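Here the protein sequences line up with chains A and B, keeping their order. Residue numbers for the first sequence follow the working numbering, beginning at 1 and rising by one. Residue numbers for the second sequence follow the working numbering, beginning at 451 and rising by one. All C-beta atoms, glycine included, are put in the ideal place defined by N, C-alpha and C. If you're wondering where the values come from, they're calculated on a predicted model, not measured in any experiment. Read the structure below first, then the notes.
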Amino acid sequence: MITDSLTLPWPAQEASAPASLPRLLPAAGTVPVDLRAHLARYGALRYAGGKGRIVAEVAAAGLTGRGGAAFPVARKLTAAAEARPAPLVAGNGAEGEPASSKDRSLLWISPHLVLDGLQLAAEAAGTGTAVLYVRRNQRLHGRLAQAIAERAAAGIDAVRVDVVSAPDRFLAGEESALVSRLTGKPALPAYRSVRGLPRLGPGRPALVQNVETLAHLALIARYGAAWFRIAGTEAEPGSMLATLYLPDGRTSVTEVPLGTGLADLLGLDPAAAGPGVDSVPSAGGPVRAVLVGGYHGAWLSAAEAARLPLANAALRPLGTAVGAGVVAALPADRCGLAETARVARYLALESAGQCGPCFNGLPRIAAALDHLAGPHPDQRARADLERWAGLVTGRGACHHPDGSVRFIRSALRVFAAEAGLHERGRCTGTDPRPFLPVPAGRPARDADWS
Amino acid sequence: MTGITHTTALWYASRATGVVTLLLLTAVLLLGVLVNRQGRLPGLPSFAVTGLHRNVSLLAVAFLAIHVITAIVDPYVTIGLAAAVLPFVSAYKPFWLGLGAISLDLIAALILTSLARARISRRAWRGIHWVAYAAWPLAVVHSLGSSTDARSGPVLAVLAGCVLAIAVALSWRLSRAAREIPRAARAAATLSRMPARKADL
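Written out as structure tokens, the structure is:
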């Protein structure tokens, strides 16, 4: 039986590069891809042969982090390769953002791409320890254990991978929270005074990459930078996984090239998106507004969104970013202020309770938004919200207050007309059902972060 | 020997700066307790309390330096440079001056780690900052033991006032800590204090 594990029972020839999207997920279906099917589709992973080569290829590809911050991966890999001692490598699949499900979809369907990428990152960093940090979910953890066992049986990995479970908290995937969790402490964000790689302790640097980033790394190592750049724009190359919320209530995880029009993603009719239009027709019904970048992102009016691409170059001037690829089209029969108030309350309760401006300011802002979402709000409520938002920004150890306030401020801008209606006792929302997902549980004890 | 003469000036300077240093150290400790428990002073924003704690501590260091230097330079009693920093090596009142020397060393550690705070871990800095609770009582006992002024009269009253103030501050600190809401529940506690909104549309 030993020979069986050495001579692979499937064709060893080079598989050709996927010519079109999707690259990361199977072309059809959501059936988990096992190692045999994985190797049949992508071919065996040729190790880059030393630290330098993969870093140069990633730099040429222009790959950026897909966890939300879009940080250039080559720069992190270079820092990791130079770090002494060699850093621990962690794949971040915590995905605390409730509106995003792309990481868990990727881990469920294509775990071997992520595990390939983790091996490559470990090789680039010259390290012998790798960790996969994944949201607590028995089925998903079982699936990952099975995938790791398949690879161990085939003997294709150089570095052992441990799976660590992340608590079900919004901030659990924040880099410093991940680092805290890996040192056995609660997954709480921390101040970071040191620049460069985060540290698990003195002399213990860590390289943290989102799991989707690792999957792209696995494909760049196989097919090269030029292939990667076939998709996407010159400034923001490649593809990304997006979690889409369509106005008819359907949600999906789709791989799209960066720079794709939001109108194409959501089926919006750009011809009907003139300035000042308060809703835009789409295949799934009229759309009032579009949330881009998740709960630390920003609302855009449907008319704005219909003319914009999914690219940071276009979104940043409007105060949002591609983030982790959440794009949600709010149907015209829902109240944007009520949606925002519900999410703001959730964000406030997810404060780690470490910084005063966050745990005092966000609940106050959430309560004011809740007031604004109701009938006949106080005329001063909007001015109060803007003032409190300014007091909270930049005052936390992590970016939770800043991101939450960005989201809330965008609602005040995009739903300004709606707020005016509320002040006169009216509301355009006729469907009271919640649209954006908000988890029910909230932290009560510090143990809820472990 | 009465009055300030050229031979007693240094001795008086040392005693006077000693008393002032103790008052300043007491203020530093009070402000430190306030900073630690996020307490406020009327009319001051919370970051100003932190700034005051820092600046008063630097002022205390200046007075402490004069107190130690004048004591060493003063020819009336022989206190060597070594006795100022090494405990219990002084020929004059070795025990009481020794306590002062330990207090001086602890304060030096507090100041140096605070000046280098950006370069050391938050945890190490916090750990070392706990010695403030040892440095202050050592300074008080050093004052009582080494100074003949402090056995009675106004200096004793000042000392008693300092001890009382610190006792009050510490009991306030402990009661604040006991009432502390767990981190995870802080945002929920704030939210529950917010007024509920009017009925839905």
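query	result
Burial state of A/T30 (16 or more Cβ within 10 Å)	exposed
Where A/L412 falls, given that 16 or more other Cβ within 10 Å makes a residue buried	buried
Closest by C-alpha distance to A/G216, when choosing among A/L88, A/A206 and A/H112	Note that residue 216 of chain A is His in the sequence shown, not Gly. Cα-wise, what sits closest to A/H216 is A/H112.
For B/P604, the three-state DSSP class (helix, strand or coil)	helix
DSSP state of A/Q209 mapped onto helix, strand, coil	strand
Whether B/A533 touches B/L547 by CB criterion (8 Å)	yes
Partners in chain A for B/P662, counting only beta-carbon separations shorter than 7 Å	With chain B represented from 451 up to 651, any question about residue 662 of chain B goes unanswered, as that position is not in the structure.
Test: B/L641 CB closer than 8 Å to a CB of chain A	yes
Cβ contact check for the region 73-83 of chain A and the region 176-189 of chain A: 3 or more pairs under 8 Å	no
Positions along the region 354-366 of chain A whose CB lies within less than 9 Å of some CB in chain B	Q354, G356, C358, F359, N360, G361, L362, P363, R364 and A366
8 Å Cβ cutoff met for A/V164 and A/A130	no
Cβ of B/A638 within 8 Å of any chain A Cβ	yes
Where A/Q119 falls, given that 16 or more other Cβ within 10 Å makes a residue buried	buried
Min CB distance B/R572 to chain A below 8 Å	yes
Under the three-state DSSP convention, the category A/W449 falls into	helix
Minimum Cβ-Cβ distance from B/A635 to chain A less than 8 Å	yes
Whole-Å CB distance - B/L560 paired with B/V581, under 8 Å assumed	6 Å
Interface residues of chain B facing A/W449 [CB-CB closer than 7 Å]	A634
Inter-stretch contact (C-beta, 8 Å, three-pair minimum) for the region 373-381 of chain A and the region 466-477 of chain B	no
Residue range of the alpha helix (DSSP H) that includes B/V535	L531 to V535
Proximal residues of chain B, C-beta to C-beta of A/S351 below 8 Å	R636 and A637
Inter-residue Cα distance where the pair is A/P72 and B/T640	38 Å
A/L6 (DSSP reduced to helix, strand or coil)	Residue confidence is low: A/L6 scores 36 on pLDDT, short of 50, so the model does not pin down where it sits. No coordinate-derived value is stated.
Sequence ranges, alpha helix (DSSP H) only - wholly within the region 219-277 of chain A, length at least 4	262-266
is_contact[A/A206, chain B] using C-beta, thresh 8 Å	no
Given 8 Å, three or more beta-carbon pairs between the region 283-291 of chain A and the region 234-253 of chain A	yes
Closest Cα partner of A/A56 within the set A/L132, A/T428, A/G224 and A/P85	A/G224
Within 8 Å, strictly: CB atoms of A/V343 and A/V290	no
Environment of B/V527 [buried if 16+ CB atoms lie within 10 Å]	exposed
Validate contact between the region 424-440 of chain A and the region 383-395 of chain A using beta carbons, cut 8 Å, 3 pairs	no
Start-to-end residues for the beta strand (DSSP E) that takes in A/S455	Since the first residue shown for chain A is 1 and the last is 450, residue 455 of chain A is missing from the structure and cannot be characterised.
Amino acids of chain B, ordered along the chain, whose beta-carbon sits closer than 7 Å to that of A/A348	A637 and L641
Separation of A/I109 from A/G403, as counted between CA atoms	30 Å
Within chain B, the residues that A/Y191 reaches when beta carbons sit closer than 9 Å	R572
Residues that A/R507 contacts on chain B, provided the C-beta gap is smaller than 7 Å	Because chain A in this structure spans residues 1 to 450, residue 507 of chain A falls outside the shown range and cannot be described.
Backbone CA spacing between B/A466 and B/H517 [nearest angstrom]	8 Å
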